[in-house]
Structure formats: structure tokens, C-alpha cells
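Enquirer: Sequential numbering of the sequence shown, starting at -6, is according to our numbering.
One structure, pasted below without further comment.
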Amino acid sequence: MQAQPVILGLLNNQNISVREVSEISKVPFSTLNNAMKKPIETWSIRVLNAFALALNQAPSKLLEILQPNGYELRIDNDAQTIQGVYIPDKVLFTQIRFVVENQHLEGWKPDKKDIEYLLDRAYNPDPELDDAIDKLVGDKVDAR
């Protein structure tokens, strides 16, 4: 991905020129200018740090803006993991996997903390939440 349109937009929003980035960071203008014409993957840490410094951003945050990560739902049936969270009980793993996959189809992008929360709720159900669900569906919920 060419970084030039994105980085120029960020600099423009802050009223900063590439020449000013060079002065602030002590990285030669030609180095910055050449880097902007190339894919982000080829940038040196020095170049990324120069732009991050001028934009008052953490380099990792700037990299995320310039090169957003794609989301990936990682389920390993053999290892019984979802997003890297091991679920020791096979039946519980299957149930949580079903919920996660269905909600993922609806647009949910769970991360490791979300899966850890689901696992915790499965082992430690919330009686108030169970009562609220009972009222909604008219059935007694058995979380175990």
C-alpha cells in the first residue's frame, strides 16, 4: 500500500510539511520523500519514527493508521482454542464456538478478552442475567 496519500493527509490535517518533519526528526528530506513513494512495508523504523514524532503519535499507532490489520477469527478445533484461549471442556468449547461463529457472522469481532469473558460467564453465570433471560423467553435458563 502506498503511504503517500495517507501520510500527506495526516500531515495536512496537522499543517505540517514533509520538510518540517525532516527538521523535527533530523531525518533527511530526501529519505522521507523517497519513503513516501514506496510501500509502507519497506519503510525503515527511522522513517516511521520521524513521521510519528512530527505527528505526535506513537509509532505503533501511526503504523496501525497507515497499515490497518485485518481481523481474523482464529478457531482451532484440535487445540480447543478460540482467539488463543484454551477451553478445556469439549462440550463448552463447542457451545462457545457456536455462539462466537454465529455472532461473528452478524459482525462481531471478538478478541481474546471477549472469549475470556464468555468462558468466565460460562463457569460463573450471573443469576440476574439468567432471570432477565427467563423473563424474555419465558423459560428457565440452565447455564450448566
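Heads up, the beta-carbon is just placed ideally off N, CA and C, and yes, glycines get one too.
(1) Go ahead and label Leu122 buried or exposed: buried means 16 or more other beta carbons lie within 10 angstroms of its beta carbon, across all protein chains shown.
(2) Between which residues of its own chain and Leu48 is the CB-CB distance below 8 Å, once the five residues before and five after are set aside?
(3) Is it buried or exposed, Ala43, if we count other Cβ atoms within 10 angstroms and call 16 or more buried?
(4) Among the candidates Asp127, Leu129, Lys105 and Glu34, whose CA atom is the shortest distance from the CA of Glu65?
(5) Among the residues of its own chain, which have a CB less than 7 Å from the CB of Arg90, if the five just before and after it don't count?
(6) One question on the structure: do Ile0 and Leu46 come within less than 9 Å of each other, judged by their Cβ atoms?
(7) Straight-line CA distance for Glu94 to Ile17?
(8) Considering Lys83, what are the terminal residues of the alpha helix (DSSP H) in which it resides?
(9) State buried or exposed for Val14, treating a residue as buried only when at least 16 other CB atoms are found within 10 Å of its CB.
(10) With 16 other CB atoms within 10 Å as the buried threshold, where does Leu129 fall?
Expert: The answer reads as follows:
(1) As a position in the sequence shown, residue 122 is number 129, starting the count at 1. Label assigned to Leu122: exposed.
(2) Taking the first residue of the sequence shown as 1, we reach residue 48 at position 55. Cβ neighbours of Leu48 beyond the five flanking positions: Leu3, Leu4, Gln7, Ile9 and Leu55.
(3) Residue 43 sits at position 50 when you count from the first residue of the sequence shown. Looking at its Cβ environment, which holds 16 or more other Cβ atoms inside 10 Å, Ala43 is buried.
(4) Within the sequence shown, numbered from 1, the residue matching residue 65 stands at position 72. If we check each option's Cα against that of Glu65, Lys105 comes out closest.
(5) Mapped onto the sequence shown, residue 90 falls at position 97. Excluding positions up to five away in sequence, the list reads Ile68 and Ile75.
(6) For the purposes of this step, residue 0 is taken as the residue at position 7 of the sequence shown. For the purposes of this step, residue 46 is taken as the residue at position 53 of the sequence shown. No, the Cβ-Cβ distance between Ile0 and Leu46 is not below 9 Å.
(7) Position 101 of the sequence shown, counted from the first residue, corresponds to residue 94. Position 24 of the sequence shown, counted from the first residue, corresponds to residue 17. Taking the straight line joining both Cα atoms gives about 48 Å.
(8) By one-based count along the sequence shown, residue 83 stands at place 90. Here the alpha helix (DSSP H) through Lys83 covers Lys83 to Leu98.
(9) The count along the sequence shown starts at 1 and reaches residue 14 at position 21. Buried.
(10) The count along the sequence shown starts at 1 and reaches residue 129 at position 136. Exposed, because fewer than 16 other Cβ atoms sit within 10 Å of the Cβ of Leu129.
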